[in-house]
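Notes follow once the structure below has been shown.
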Amino acid sequence: MNGDHASNQKKTVCLMLAWKEESLWILLGWEHLQTLMKEELMLILSEVKIKVVDKAGGFLEWVKLTEEDQHLHYKAGMDALALKLGEEQFKTLPEDKKQDIDLFFWAGCSMHKELNLVVGGYAVLEQF
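Encoded structure:
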């Protein structure tokens, strides 16, 4: 990622790192879910459904939601589960694999170097 050293750019880098970490953990969690036995998966899915319905205000409130809203709530619940599982999976990975996943480059500020190039180019053109 490129950017200068202004506070808004530093904040953007922090947000990008958090997004990257969360996205990768969710991916690891979904991959882990695919390896579970049917019985274990059914139990986990039932637990997620119960939590999602409770969070929506209970069964009576759940049935009032549109199918699309129910889907959004369920997806959020599944992503929360995948995030939790992914974080657990990440902790079990070997250090070299963790380093590969955590790798992030912030090039920092190149603006001054580019500006120096423009100023230098302008000085040369003035000589003509």
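In my numbering, each residue carries its 1-based index in the sequence shown increased by 32.
The C-beta atom is built at its ideal place from N, Cα and C for all residues, glycine as well.
A quick note: this is a predicted structure, and the numbers were derived from the prediction, not measured.
Quick check: the stretch 112-121 against the stretch 58-71, are there 3 or more CB pairs under 8 Å? Touching, per the Cβ criterion.
Anyone know if the C-beta pair for residue 109 and residue 70 falls short of 8 Å? Within the sequence shown, the letter at position 77 stands for residue 109. Within the sequence shown, the letter at position 38 stands for residue 70. Cβ distance not < 8 Å, so residue 109 and residue 70 don't count as in contact.
How would you write the range of the alpha helix (DSSP H) that residue 88 sits in, first residue to last? Counting from 1 along the sequence shown, the entry for residue 88 is found at position 56. Here residue 88 belongs to no alpha helix (DSSP H), and DSSP marks it neither H nor E.
In whole angstroms, give me the CA-to-CA distance for residue 42 and residue 96. Along the sequence shown, one-based indexing puts residue 42 at 10. Along the sequence shown, one-based indexing puts residue 96 at 64. Roughly 43 Å separates the two Cα atoms.
Identify every run of the alpha helix (DSSP H) within the stretch 49-136, keeping only runs that are complete inside it and at least 4 residues long; order them along the chain. 70-87, 91-96, 99-124 and 127-134
With DSSP as the reference, label residue 139 as helix, strand or coil. Within the sequence shown, residue 139 is the residue found at index 107, counting from 1. Correct three-state label for residue 139: coil.
Classify residue 41 as helix, strand or coil using the three-state DSSP reduction. For this step, residue 41 is matched to residue 9 along the sequence shown. Helix at residue 41.
Are residue 49 and residue 136 closer than 8 Å when you measure CB to CB? Position 17 of the sequence shown, counting from 1, holds the residue named residue 49. Position 104 of the sequence shown, counting from 1, holds the residue named residue 136. Cβ atoms of residue 49 and residue 136: closer than 8 Å.
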